[in-house]
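Note that the sequence shown covers residues 306 to 419 in this note's numbering.
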Amino acid sequence: MRKMTTIHINNCAVSENHKSMSRTGSHGLPNKARWQNDDKQADYKITLPASAWELAPGQPACASSLSFTVTKGNPSCLYQLLADAPLGTVWYSLERIVNPCNRPRQDPDVIINT
């Protein structure tokens, strides 16, 4: 079974920042993640680095790239770590589409440990 993490977004912040994930998790399968927009005010654009992520197999046609929008109250497709994703901290971009965040932008990250 693959470990799946839901990363919640609300008010320009993510619940799982600095989340430790594995590219070779249980049974040698990569960890997966989806982003859940809990912000009732805005949609978010997320851009994942191609060096670390890919769309998980069997996903509906809800995304065709590593740059996608998560609308209010909805989840993203499921993404998984690449088998050769770089170890250590991997940043991704999170942008609120309407009413940009009123603080310096700090992209969230995932820490890949194996």
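Glycine included, each C-beta is placed from N, C-alpha and C at the ideal position.
Minimum C-alpha distance to residue i - residue among the options
i	options	result
Glu400	Met326, Thr374, Asn418	Thr374
Asp344	Leu334, Asn322, Asn315, Ser381	Asn315
Gly333	Ala388, Trp340, Asn404	Ala388
Buried versus exposed call for residue i [16 or more other C-beta atoms within 10 Å across all chains shown]
i	result
Leu383	buried
Met306	Summary for Met306: the model assigns pLDDT 39, below 50, so the residue's position carries little reliability, and this model does not support an answer.
Val403	exposed
Residue span of the beta strand (DSSP E) that contains residue i, given as start and end
i	result
Val415	414-417
Thr329	No beta strand (DSSP E) holds Thr329; DSSP gives it neither H nor E.
Leu399	398-401
Asn315	309-315
Own chain residues within Cβ distance below 7 Å of residue i, not counting five before or after
i	result
Ser398	Ile351, Thr352, Asp412
Residues near residue i in its chain [Cβ-Cβ closer than 8 Å; skip 5 each side]
i	result
Asn322	Pro413, Asp414
Next on the checklist: Could you tell me which whole beta strand (DSSP E) segments of length 3 or greater appear in the region 338-393?
Outcome noted: 349-352, 358-360, 372-375, 384-386
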